[in-house]
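Heads up, the thing below is written out as structure tokens.
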Amino acid sequence: MFKKSKESIDKNSEPVQHEKGASDKKPETESIPMSIDAVKAELKQTFALCSDFVMREIVFGKSKTRIIITFIDGFVDKQILDQSVMSPVLGFNGDIGKSVLNTLKEEVIANCALSELNTFSDAVDNICIGEAVVFIDGGSKAFKIGVKSPEKRAVEQPDTEVSIKGPREGFTENLRTNTILLRRKIKNADFKIESMKIGKVTKTEVAICYIGGIAKEEIVNEVKNRISKIERDSLIGSGYIEQHIEDGMAPFFPMVGNSEKPDKVTGKLLEGRVAVIVDGTPTVLTVPFLFIETIQTSEDYFGEYYFTSFIRILRLAALFVSTYLPALYVALTAFHHTVIPFKLILTMAASREGIPFSSFTEAILMTITFEILREAGVRMPRAIGQAVSIVGAIVLGDAAISAGIASAPIVIVVSLTGICSFINPPLMKPVVVLRIMLLIASNFLGLFGIGILSIGVLIYLCKKRSFGIPYLTPFSPLHTDDLKDALIVVPVWAMITRPKALSQSGNLIRSKGKAFSRKEEKK
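The sequence shown lines up with residues 165 to 687 when you count with the working numbering.
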């Protein structure tokens with residue numbers, strides 16, 4: 165019976181074809197027509213020129229009631245459709261009760277994901293997202309059957325966030341897989357997932373995830389409000405939502421966090437943040453996003469706290485070097501020679517002998533060259549890209565020094581700056597622009613120009629807010645209790661409370677301290 169019904173789908177189900185010029189407008193009526201012929205006419209009009217649309221008509225029961233099963237070829241799992249729908253319907257020869265719809269739902273179709281549809285537009289939307297929709301002659305309702313094909317990319321370790329310790333699974337492009345990965349880690353009914361569709365054409369599903377009782381209601385409502393106000397015809401990835409919901413028209417620093425690691429997103433949810441998952445994108449957004457998160461990684465909580473503290477200070481130092489080192493070099497060599505030790509300035513002067521450009525011109529040229537090499541390494545295939553970036557940097561640097569176009573100190577400065585910029589990926593893009601701005605300021609005003617621009621950036625950061633939370637929290641305003649997970653990291657068992665700025669005041673406690681100590685053992 166199963167083989168026969170499967171052949172009947174493949175042979176007898178023909179894609180609906182129409183001549184060019186057929187109307188592709190949506191039907192004016194929202195209600196589902198009672199006549200099955202009217203339903204067929206509207207479906208043919210709606211899915212005109214859609215060769216992958218399949219409409220299969222069969223008769224049901226002794227009364228020979230006409231039924232139409234519709235779906236998008238390639239979207240549904242035909243084996244599941246055969247087993248749960250076609251075989252039971254074709255094999256049913258009994259009497260139909262009061263309603264064909266109820267008989268199909270309660271006695272015939274063996275599928276748990278089954279629900280009624282009241283309007284024709286709802287039926288069309290469900291067909292487009294991969295469900296099979298059943299229409300019944302003489303019925304004012306249809307119903308959808310969950311037979312989506314489970315084909316999707318396997319859960320793998322993301323290339324953008326590599327872990328030595330801790331979980332190595334990453335999000336995929338399938339929204340339901342991503343929500344399951346979070347559900348596995350938060351096995352609690354308070355973990356809420358609310359869905360909505362964005363995009364008039366693409367109708368992309370977006371899931372808003374948060375933990376009730378921990379996340380502040382005003383933050384959750386603000387996220388929902390901003391997403392619901394997005395009016396676009398298409399939504400292809402999470403980057404579109406990020407630009408729509410971030411604070412400010414064009415913020416210089418990142419206002420929305422993103423990650424491909426479920427454990428990292430789970431940690432943020434448990435602190436009171438809200439996650440936004442977009443179907444078709446493996447990158448999950450998290451809000452609010454604070455500046456301190458740029459030097460935090462999920463691996464910080466799987467190692468020794470004292471070493472993590474050292475590494476975080478090192479990351480902050482690398483951020484300072486990648487931002488200020490070229491500008492400081494230009495300022496010192498152009499304006500403040502007396503600050504440089506005498507022997508060092510002699511060495512630098514000897515290396516610059518015969519160089520036709522100023523320190524500023526050297527720094528700008530080498531910085532732009534490094535960014536070009538980095539972009540080439542990213543855009544090329546992985547094996548070739550690594551060779552291009554490494555070999556290109558070595559060859560160009562050595563050739564520039566040999567040709568007398570650039571001095572050895574500036575090559576060292578730019579190389580060290582580039583290496584340090586890789587340590588803080590969230591700030592890589594704004595730091596490049598800020599580095600060039602500081603270079604220009606140092607060329608005109610020296611250290612004074614660097615100081616003025618730095619004060620302006622600091623004021624900008626102090627004024628910024630992410631979904632109502634100050635961007636420099638917990639430093640400005642100062643929250644002493646939240647400093648335990650800032651620059652200096654305390655042991656996990658000592659992180660007793662959640663961040664006050666993010667979590668509800670009635671649910672701040674997340675730990676009761678260390679479970680075992682030597683003192684308890686002696687007792």
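The beta carbon of each residue, even a glycine, is placed where N, CA and C say it ideally should be.
Just reading off the beta strand (DSSP E) that E369 is part of, what are its end residues?
Note, E369: beta strand (DSSP E), T368 to I375.
List the residues that DSSP assigns as beta-bridge partners of F217.
For F217, which the question treats as bridged, DSSP gives the partners I236.
Residues bridged to S691 by DSSP?
This structure gives no information on residue 691, because the portion of the chain shown stretches from 165 to 687.
Out of G615, M530 and S606, which has the shortest C-alpha to C-alpha gap to G582?
The alpha carbon of G582 has as its nearest neighbour, out of G615, M530 and S606, the alpha carbon of M530.
Is T533 closer than 8 Å to E424 when the C-beta atoms are compared?
A distance of 8 Å or more separates the beta carbons of E424 and T533.
By DSSP, does M360 sit in helix, in strand, or in coil?
If DSSP states are grouped into helix, strand and coil, M360 belongs with the strands.
Quick check: the Cα distance between F299 and K393, rounded to an integer number of angstroms?
Near 34 Å, if we compare the C-alpha coordinates of K393 and F299.
Quick one: give me the first and last residue of the alpha helix (DSSP H) that G467 is part of.
For G467, there is no enclosing alpha helix (DSSP H), as DSSP marks it with neither H nor E.
Short Cβ contact (8 Å threshold) for Y624 with L454
Contact flag unset, no.
T341 - containing alpha helix (DSSP H), residue span
Its alpha helix (DSSP H) spans residues L339 to K349.
Terminal residues of the continuous alpha helix (DSSP H) containing N290?
F284 to C292 is the span of the alpha helix (DSSP H), which, as asked, contains N290.
Among the candidates D443, Y470 and R516, whose CA atom is the shortest distance from the CA of A371?
Taking only the C-alpha atoms, the option nearest A371 is D443.
Tell me which residue opens and which closes the alpha helix (DSSP H) that V438 is part of.
Premise fails: V438 lies in the beta strand (DSSP E), V438 to V442, not in any alpha helix (DSSP H).
Residues near P197 by beta carbon distance below 7 Å, same chain, minus five either side:
Its chain contains V203 and E206 as the residues whose beta carbon lies nearer than 7 Å to that of P197, once the 5 sequence neighbours on both sides are disregarded; these appear in chain order.
Residue of A277, S263, I232 and K226 minimising C-alpha distance to G255
The shortest Cα separation from G255 among A277, S263, I232 and K226 belongs to K226.
Cβ neighbour criterion (16 or more within 10 Å) applied to N266
N266 comes out exposed.
Whole angstroms is fine: what's the gap from P638's alpha carbon to K664's?
Cα atoms of P638 and K664: separation of roughly 9 Å, rounded to the nearest angstrom.
Could you give the DSSP three-state label for F299: helix, strand or coil?
DSSP places F299 in strand when its eight states are reduced to three.
Segment contact flag, the segment 602-613 with the segment 491-503, C-beta cutoff 8 Å, min 3 pairs:
Touching, per the Cβ criterion.
Inter-residue spacing [alpha-carbon to alpha-carbon] between F631 and G401
Each residue's Cα considered, the two are about 21 Å apart.
Taking the beta carbon of K678 as the centre, do at least 16 other beta carbons fall within 10 Å, making it buried, or is it exposed?
Exposed: under 16 other Cβ atoms inside 10 Å.
Closest Cα partner of I600 within the set V578, K648 and P589:
With distances taken between Cα atoms, I600 lies closest to V578.
So, is the C-beta of L480 closer than 8 Å to a C-beta in chain B?
Given the protein chain composition of this structure (a single chain), no chain B is represented.
Between the segment 273-280 and the segment 242-259, can you find at least three pairs of beta-carbon atoms closer than 8 Å?
Because the criterion of three Cβ pairs below 8 Å is met, the segment 242-259 and the segment 273-280 touch.
For D246, verify whether its CB is less than 7 Å away from any heavy atom of the ligand MG.
The model depicted lacks the ligand MG and carries no ligand whatsoever.
What is the rounded straight-line gap between the Cα of F586 and the Cα of M592?
C-alpha separation (whole angstroms): 7 Å.
For a test of the three-state rule: what should DSSP assign to I633, helix, strand or coil?
The three-state reading of DSSP puts I633 in strand, counting E and B together.
Whose C-alpha, out of N342, A650, G436 and P505, is nearest the C-alpha of R662?
Nearest of N342, A650, G436 and P505 to R662, Cα basis: G436.
Tell me which same chain residues have a C-beta within less than 8 Å of the C-beta of L278, skipping the five on either side of it?
Same-chain partners within the cutoff: K269, F307, K308, I309 and G310.
Could you name the residues that DSSP lists as bridge partners for F224?
Bridge pairing for F224: T229 [DSSP].
Run the CB neighbour count on R348, radius 10 Å, all protein chains shown included, and call it buried at 16 or more, exposed below.
Exposed, by the Cβ-count rule.
Proximity below 8 Å, CB of T472 to CB of V656:
In this structure, T472 lies away from V656, with their beta-carbon atoms at least 8 Å apart.
Hey, could you find the ends of the alpha helix (DSSP H) N607 is sitting in?
Start and end: M592 to L609.
Considering only their Cβ atoms, is the gap separating D427 from G330 smaller than 8 Å?
In this structure, the beta-carbon distance from G330 to D427 falls below 8 Å.
Check whether the Cβ atoms of I350 and I391 lie closer than 8 Å to each other.
With respect to the 8 Å criterion, I350 and I391 are not classified as neighbours on the basis of their beta carbons.
Can you tell me where the alpha helix (DSSP H) with L245 in it begins and where it stops?
From DSSP, the alpha helix (DSSP H) with L245 extends over K242 to L245.
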